[in-house]
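Undergrad: Residue numbers (our numbering), protein chains in the order written: chain U, 60 to 356; chain W, 216 to 492.
Handing you a structure now.
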Amino acid sequence: MTMATNTLSSTSRVRRTLTTQEPSWVRRALIGLALAFLTLFLFVPLILVFYEALKKGVDVYFAAIIEPDALSAIQLTLTVAAIAVPLNLVFGVAAAWAIAKFEFRGKNLLITLIDLPFSVSPVVSGLIYVLIFGLQGWLGPWLAEHDIKVIFAVTGIVLATVFVTVPFIARELIPLMQAQGTEEEEAAVALGANGWQTFSRVTLPNIKWGLLYGTILCNARAMGEFGAVSVVSGHIRGSTNTLPLHVEILYNEYNFAAAFAVASLLALLALVTLALKTVVESKITQPKENADEHRSA
Amino acid sequence: MSTFKRHSILPGFNLALGFTLLYLSLIVLIPLSAAFIRTTELSWQEFWFAVTTPRVMASYRLTFGASFAAALVNAVFGLLVAWVLVRYRFPGKKLIDALVDLPFALPTAVAGIALTALYAGNGWIGQYLEPLGIKVAFTPIGVFVALTFIGLPFVVRTVQPVLEDIESELEEAAAMLGANRLQTFSRIIFPTIFPALMTGFALAFARAIGEYGSVIFIAGNMPMVSEITPLLIITKLEQYDYAGATALAVVMLVISFILLLVINLLQWWGRRRSALA
């Protein structure tokens, strides 16, 4: 339905006449103003990261990246994402299956609860784990007795990262699977498919791009999270330092060239994320458009 | 069970919902409730004292003031950017459309150091502002700049789809009935996008209030002047003042929950608007 109106409005947009078009000087002024704002607040900061990173030459740049503490930060960031993203992937699929394919009471409350981590300050997201696992926390004395470290250790970093990235995949899948309805799965079950077959052969092909989209965004946040991780990490160089925390340490030591070199890695990650996101977005809207044309024909 | 869930022949409901609830409880709900339960260790007077000291009050003023100003700027320019992206054609439009989401994808620490370097006295932009007597880095204005960056995509991304869905017939009819473009915009287009604009504003505001990473580099973090509330939580934590940190966290949580409620109401209003239209 929405796609049908979209194609309608895009054809009429071509025919947009003078009566519904602003004078060209207004158009140019608005475009100029919008671009000036975006340049000032988005493009210049982005360019500056790469400029500052390479200002002292390529040698300094690569030296900052292959230095042992930086490598250990890269490794930790990759490890944390490799644990947090799959966990939230499984959660997202399970939550979307329950919410989109079944009718039950309290569904809207559940959706709100899944979105909760988005509205919590990163600092508070870290703090709540300190209140449970920290030395003065609920489980603190027991953990200390058994010599298990959660806070100021990798486990705490993983937990805080999982918390802040909980909603990403679920919130992409829920509306997508709700829109697709349950007819195809019901047909598969009626034809004798078991649960796993129904999911892997019917549902999964339908949601693969949405799943990928959520995963890309989840990964970007998992690798880039700063506030929550900063509270639980303890900033131990070469041990509990993720890439964003390493940027902070270098910057606070006035080692700007190295700080921006490491920051440029994260900026590259952001650019790759945006590029993949744009590609996947077009994959998500295209099949929908085809299906709509099919339906209206 | 039958009143709780409508019958379906699809399998896996119990497993999927059970896992969802268990995971959500362990990762989100129990840890969040820890903050509320831990504050009950304080008496009401102690709690009230902890969250209303002059230094804390100054941090609220800065956090809310700068967040409000940043969300307001984003409402105006976000609407402008959404309008330009939906209505006009110009070179590089697709690239710019994709880059609008940069603040979502760029780690906040990177944004923080980039903006600081930009607006410092010797920075690309700071060097021109400083002679005019405008100091941005290490002042409350710096906090505002960082929060504007962080909230930039929200208004654009909430207004954009609504603007795309407006039927041009409505505008043509308005024009035929003698309205000029400004009248058409203020009487037809603006009322249609207003709920989305408010939602975007609220989302940007909510995000800005909790923001930490991008702000701490540029703020200068002077107590009573440029210290945001999330930083104060960390400061208290580092001084082993767990009760004080938790009390502040509870204040921030309550405010986030209220904002979440407001945002849900705004979205409901927007959906009802578009359903009626």
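Note that CB positions come from ideal geometry on N, CA and C, so glycine has one too.
Could you tell me the boundaries of the alpha helix (DSSP H) in which Y188(U) lies?
TA: 181-192
Undergrad: So, with DSSP's three-state summary, where would you put K220(W)?
TA: strand
Undergrad: Name the chain U residues whose beta carbon is nearer than 7 Å to that of V358(W)?
TA: Near V358(W) there are no residues of chain U at all, since even the closest Cβ is about 14 Å away, more than 7 Å.
Undergrad: By Cβ distance below 8 Å, which residues in the same chain neighbour I478(W) in space, the five residues on each side in sequence not counted?
TA: T414, A417, L418, A421
Undergrad: Using 8 Å as the threshold, is the C-beta distance between A279(U) and A389(W) below it?
TA: no
Undergrad: Taking DSSP as the reference, what is the three-state secondary structure of S69(U)?
TA: Its pLDDT being 46, under 50, S69(U) is placed unreliably by the model, and the measurement read from it follows with that caveat. Reduced to three states, the DSSP call for S69(U) is helix.
Undergrad: Would you say L97(U) reaches chain W, if we count a Cβ-Cβ gap shorter than 8 Å as a contact?
TA: yes
Undergrad: Comparing alpha-carbon positions, which option in L101(U), A229(U), I133(U) lies nearest Y272(U)?
TA: A229(U)
Undergrad: Does the Cβ-Cβ distance between I431(W) and L446(W) come in under 8 Å?
TA: yes
Undergrad: Going by DSSP, what residue range makes up the alpha helix (DSSP H) through S441(W)?
TA: No alpha helix (DSSP H) contains S441(W), which DSSP labels as neither H nor E.
Undergrad: Got a sec? Which residues, its chain only, sit under 8 Å from S292(U) by beta carbon, not counting five neighbours each side?
TA: F211, G215, I216, T299, N300, T301, L304
Undergrad: Using a cut-off of 8 Å between C-beta atoms, extract the partners of I343(U) located in chain W.
TA: The premise fails here: I343(U) is roughly 14 Å from chain W at the closest Cβ pair, so nothing lies under 8 Å.
Undergrad: Whole angstroms is fine: what's the gap from T136(U)'s alpha carbon to F353(W)'s?
TA: Each residue's CA atom was taken as its position, placing T136(U) and F353(W) some 29 Å apart.
Undergrad: Taking the alpha-carbon of I245(W) as reference, which of A95(U), R87(U), A93(U), I187(U) has the nearest alpha-carbon?
TA: I187(U)
Undergrad: Which chain U residues sit within Cβ distance under 7 Å of F228(W)?
TA: A157, F161
Undergrad: For the stretch 86-93 of chain U and the stretch 307-317 of chain U, state whether three or more C-beta atom pairs, one from each stretch, are separated by less than 8 Å.
TA: no
Undergrad: Could you tell me the alpha carbon to alpha carbon distance between P322(W) and V339(U), rounded to whole angstroms?
TA: 21 Å
Undergrad: Closer than 7 Å by C-beta to K342(U): which residues in its own chain qualify, once you throw out the five before and the five after it? Chain order, please.
TA: W268
Undergrad: Between which two residues does the alpha helix (DSSP H) harbouring T136(U) extend?
TA: 127-160
Undergrad: Taking its Cβ as the centre, do 16 or more other Cβ atoms sit within 10 Å of S217(W), making it buried, or is it exposed?
TA: Because S217(W) carries a pLDDT of 49, less than 50, the predicted location of this residue cannot be relied on, and no value is offered for it.
Undergrad: Is Y334(W) near G327(W), with beta carbons less than 8 Å apart?
TA: no
Undergrad: Which same chain residues, not among the five before or five after S323(U), have their C-beta less than 7 Å away from its C-beta?
TA: V108, F109, A112
Undergrad: Express the C-alpha separation of M282(U) and A141(U) in angstroms, rounding to a whole number.
TA: 10 Å
Undergrad: Measuring only the C-alpha atoms, how far is A238(U) from G227(W)?
TA: 19 Å
Undergrad: A332(W) to W339(W), Cα distance in whole Å?
TA: 8 Å
Undergrad: Residues in the stretch 89-113 of chain U with C-beta within 8 Å of chain W's C-beta atoms, listed in sequence order?
TA: L89, I90, L92, A93, L94, F96, L97, L99, F100, L101, F102, V103, P104, L105, L107, V108, E111
Undergrad: Taking 8 Å as the threshold (beta carbon to beta carbon), is P438(W) in contact with chain U?
TA: False, the Cβ-Cβ gap to chain U never drops below 8 Å.
Undergrad: Counting only beta-carbon separations shorter than 8 Å, does A153(U) have a partner in chain W?
TA: yes
Undergrad: Would a check of beta-carbon distances place Y310(U) closer than 8 Å to chain W?
TA: yes
Undergrad: E244(U) touches chain W at which residues, Cβ-Cβ below 8 Å?
TA: Going along chain W in sequence order, the residues near E244(U) (Cβ under 8 Å) are L225.
Undergrad: What is the C-beta distance between A460(W) and L452(W), in whole angstroms, given that I count them as a contact (C-beta under 8 Å)?
TA: 5 Å
Undergrad: Among V261(U), G254(U), R296(U), L105(U), which residue has its Cα nearest to the Cα of L230(W)?
TA: Answer by Cα proximity: G254(U).
Undergrad: Kindly indicate which three-state DSSP category F163(U) falls into: helix, strand or coil?
TA: strand
Undergrad: Whole angstroms are fine: how far does the CA of E81(U) sit from the CA of T373(W)?
TA: Distance between the alpha carbons of T373(W) and E81(U): 23 Å.
Undergrad: Using a Cβ cut-off of 9 Å, pull out every chain U residue sitting near L295(W), in sequence order please.
TA: Near L295(W) (Cβ distances below 9 Å), the residues of chain U are L89, L92, A93, F96.
Undergrad: Taking only beta-carbon positions, decide if W484(W) is within less than 8 Å of chain U.
TA: Cβ-Cβ to chain U under 8 Å: no for W484(W).
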